[in-house]
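Okay, so the sequence shown: first residue is 831 according to the numbering used here, each after it adds one. For glycine and all other residues, C-beta sits at the position ideal for the given N, C-alpha and C. Reading through the structure tokens given below for one structure.
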Amino acid sequence: MNFEISDLKARLEACETDLAAHRGYLKALEYGVRTLIITHPYPDLLSRAWASILPGITEAHGPEGGWIFNAAFQQLLSVLTQQIEARGGKVGD
């Protein structure tokens, strides 16, 4: 029994470490994308391009990862849309 518990504990710690690494990676990507949005030389073009691909993004990836994935996915898409709109006008106009 102790071996099973220690094995589970080790696996849990490995998962936590892996998750922390992925969170750091995603956070760095988020800042990079935000920087690209802020410095894009043609914000109106960026807004139109985002509007054209956004439906396909949600359609392609929406149902694949369960409710936690979907909530986080939709939240970040919303944040990116707000940032793009702040620079180039309403997405879809």
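request  = Would you mind listing the beta strand (DSSP E) stretches within the region 843-900 that are 3+ residues and don't spill past its ends, in chain order?
outcome  = none
message = Distance check for residue 844 and residue 837, CA to CA, integer angstroms please.
response = 11 angstroms
query = In angstroms, rounded to a whole number, what distance separates the CA positions of residue 908 and residue 846?
reply = 27 angstroms
request  = Go through its chain and collect everything with a Cβ distance to residue 857's Cβ below 6 angstroms, but skip five positions before and after it.
outcome  = none
request  = Measure how close the beta-carbons of residue 913 and residue 864 come, nearest whole angstrom, since I'm counting them as under 8 angstroms.
outcome  = 6 angstroms
inquiry  = Would residue 917 and residue 870 qualify as a contact pair, given that the criterion is a beta-carbon distance under 8 angstroms?
reply    = yes
task = May I ask you to report which of helix, strand or coil DSSP gives residue 920?
result = coil
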